[in-house]
Amino acid sequence: GTSLASFQNHNTVAAKTPNPKLPLCMSLLTRMRPLWRHALRSPANLPSTTRIALHRPSHARTMSVSPRAVDFQKKLTAFMEEHIYDAEAKISAHALQEGAARWTISPEIPRLQKLAKEQGLWNLWIPKDLDPKGELGQGLTNQEYATLAEIMGAVPWASEIFNCSAPDTGNMEVLLKYGTEEQKAAWLPQLLDGRIRSCFAMTEPAVASSDATNIEASITKEGAEYVLQGHKWWTSGAMDPRCKMCIFMGKTDISAPRHAQQSMIIVPFDAAGITVVRPLLVFGFDDAPHGHAEVRFDQVRVPASNLLVAEGHGFKIAQGRLGPGRIHHCMRLIGLAERALQLLCKRASLRKAFGKPLADQGMLRRDVGMLRCEIDQARLLVLEAARSIDEEGGVFNPKARQRIAMIKFIVPQMASKVIDRAIQVHGGGGVSS
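Residue numbers for the sequence shown follow this note's numbering, beginning at 111 and rising by one.
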């Protein structure tokens, strides 16, 4: 009969066995941890008819991408196969050390970054409209880069190897779009080269920060300086020892119209008055060495020239920053969902219940078929959102805004479903190491 592998697209590449000890934090990634841990216990030498390949769709057939972008897909996939999967064990072991050593950077990271630079797989995220000549990145469109973000997403830390990881991409995009020449000169070369990292301080524990107009942190002008006061959390990247700058969002005028009260300002992360309180945990995991921090800003003084654009532009900058960022996050999450489905299929091919392989159980076959459809549907929606940004007036056009709003809940919902089903197929191994 037809095997479970037939639910996968015939255009596939062989996937290596994933490492089981990834130091993940965010909820969906955390739920993948037991699956990775259990995967290495499976027999390595499966018959070729049983081995499940990792689905990699041909984006060139379904969406309009250039031959050059297809070439980058091939090069990036080869790099993942040749370098990233093999490095997972070492990088995971480094992050699982005890004490302060966990908050240092594995030597594997700069080694892999050097290889990525040498192969021209660096700063792939920089959109064509900000870099039309490809002088900083590769001059790809948002839609073309989205296909690469999915490939990176199979390994949560992989995007860092190509200098394509959050929050640095968003912060660099803010500088490229809105920064003065002085601000760019101070920070962009180091960020573009991967020598430093950054963080973004917007979310606050006291208010519902999904509505950025709620934030209460203040940015007060005093002479040639601004004084910052605020309590932030979920400041991703703030625990990283390479974090040297922060983009801080606060209110400069509470009497202004609702969406003109906020401003953004660049803050050197070693400025007096900044206290990193603690790394935040998700289901007991802290995502070392990257981390998501609670941070206090107590009378932090920075030059007035660090303000981005002008007072009252913070909300607009935030919206411009979040559009492409949501494309990146969603496509990486689709890559992770593909990997979860691969693990599910592999497990189903190996285990028997009630006299036959799980892969031959009708209910599971139905579920895998539905998951295949839902992943592909989500991918097409994200790629359409990216196309809309590229071709219909950027992130502020109504069509793009609507589609960006759709993908930010459709994709996590889909990924949650795929990962939950993979956990169930793994039985006890899906919830424990």
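All C-beta atoms in this analysis are idealised placements derived from N, C-alpha and C, irrespective of residue type, glycine included.
Collapsed DSSP secondary structure at residue i in the structure displayed
{"i": "residue 526", "result": "helix"}
{"i": "residue 200", "result": "helix"}
{"i": "residue 110", "result": "Coverage of the chain is limited to positions 111 through 543, which leaves residue 110 absent and any answer about it impossible."}
{"i": "residue 544", "result": "One cannot answer for residue 544 here, as it falls past the ends of the chain, which runs 111 to 543."}
{"i": "residue 153", "result": "Residue placement at residue 153 cannot be trusted, given a pLDDT of 38 that sits under 50; what the coordinates show is reported in the next sentence. DSSP places residue 153 in coil when its eight states are reduced to three."}
{"i": "residue 535", "result": "helix"}
{"i": "residue 269", "result": "helix"}
{"i": "residue 279", "result": "helix"}
{"i": "residue 184", "result": "helix"}
{"i": "residue 543", "result": "coil"}
{"i": "residue 238", "result": "coil"}
{"i": "residue 380", "result": "coil"}
{"i": "residue 135", "result": "Because residue 135 carries a pLDDT of 33, less than 50, the predicted location of this residue cannot be relied on, and no value is offered for it."}
{"i": "residue 311", "result": "strand"}
{"i": "residue 375", "result": "strand"}
{"i": "residue 231", "result": "coil"}
{"i": "residue 166", "result": "Caution is warranted here: a pLDDT of 46 is assigned to residue 166, below 50, making its placement in the model unreliable, and no coordinate value can be reported."}
{"i": "residue 418", "result": "coil"}
{"i": "residue 316", "result": "coil"}
{"i": "residue 467", "result": "strand"}
{"i": "residue 492", "result": "helix"}
{"i": "residue 392", "result": "strand"}
Where the beta strand (DSSP E) through residue i begins and ends
{"i": "residue 438", "result": "First-last for residue 438: 424–460, but that is the alpha helix (DSSP H), not the beta strand (DSSP E)."}
{"i": "residue 337", "result": "335–346"}
{"i": "residue 387", "result": "384–389"}
{"i": "residue 409", "result": "402–413"}
{"i": "residue 330", "result": "328–332"}
{"i": "residue 356", "result": "353–361"}
The alpha helix (DSSP H) enclosing residue i, as first and last residue numbers
{"i": "residue 191", "result": "Here residue 191 belongs to no alpha helix (DSSP H), and DSSP marks it neither H nor E."}
{"i": "residue 254", "result": "252–263"}
{"i": "residue 220", "result": "218–228"}
{"i": "residue 248", "result": "That residue, residue 248, is in no alpha helix (DSSP H); it is neither H nor E in DSSP."}
{"i": "residue 292", "result": "291–302"}
Own chain, CB closer than 8 Å to residue i, minus 5 neighbours either side, in chain order
{"i": "residue 416", "result": "293, 336, 375, 376, 377"}
{"i": "residue 260", "result": "441, 442, 444, 445, 448, 489"}
{"i": "residue 382", "result": "410, 411"}
{"i": "residue 509", "result": "498, 502"}
{"i": "residue 185", "result": "229, 230, 231"}
{"i": "residue 538", "result": "none"}
{"i": "residue 214", "result": "204, 351, 399"}
{"i": "residue 302", "result": "233, 246, 273, 282"}
Residues near residue i by beta carbon distance below 6 Å, same chain, minus five either side
{"i": "residue 485", "result": "447"}
{"i": "residue 194", "result": "265, 268"}
{"i": "residue 385", "result": "406"}
{"i": "residue 201", "result": "216, 218"}
Own chain partners of residue i with C-beta closer than 7 Å, once the 5 adjacent residues on each side are dropped
{"i": "residue 424", "result": "359, 372, 373, 374"}
{"i": "residue 426", "result": "none"}
contact_flag[the region 440–448, the region 521–540] where n(CB pairs < 8 Å) is 3 or more: Short answer: they touch.
contact_flag[the region 271–278, the region 219–232] where n(CB pairs < 8 Å) is 3 or more: Taking a contact to require three or more Cβ pairs closer than 8 Å, the region 271–278 and the region 219–232 qualify as touching.
Does the pairing of the region 528–539 with the region 452–463 give three or more beta-carbon distances under 8 Å? These segments touch.
Is the number of C-beta pairs between the region 356–366 and the region 324–336 that are closer than 8 Å three or more? Pairwise C-beta distances place the region 356–366 in contact with the region 324–336, as three or more of them are shorter than 8 Å.
Report yes or no: do three or more beta-carbon pairs, one from the region 460–472 and one from the region 276–292, lie closer than 8 Å? Output reads no: the region 276–292 does not touch the region 460–472.
Would you check if there are 3 or more beta carbon pairs closer than 8 Å linking the region 232–252 to the region 485–504? Touching, per the Cβ criterion.
Is it true that the region 399–407 meets the region 339–351, where meeting means three or more beta-carbon pairs spaced less than 8 Å apart? Yes: the two stretches touch, three or more of their Cβ pairs being nearer than 8 Å.
Mind the definition here: the region 285–292 touches the region 466–483 only if three or more C-beta pairs lie below 8 Å; say whether that holds. The region 285–292 is not in contact with the region 466–483.
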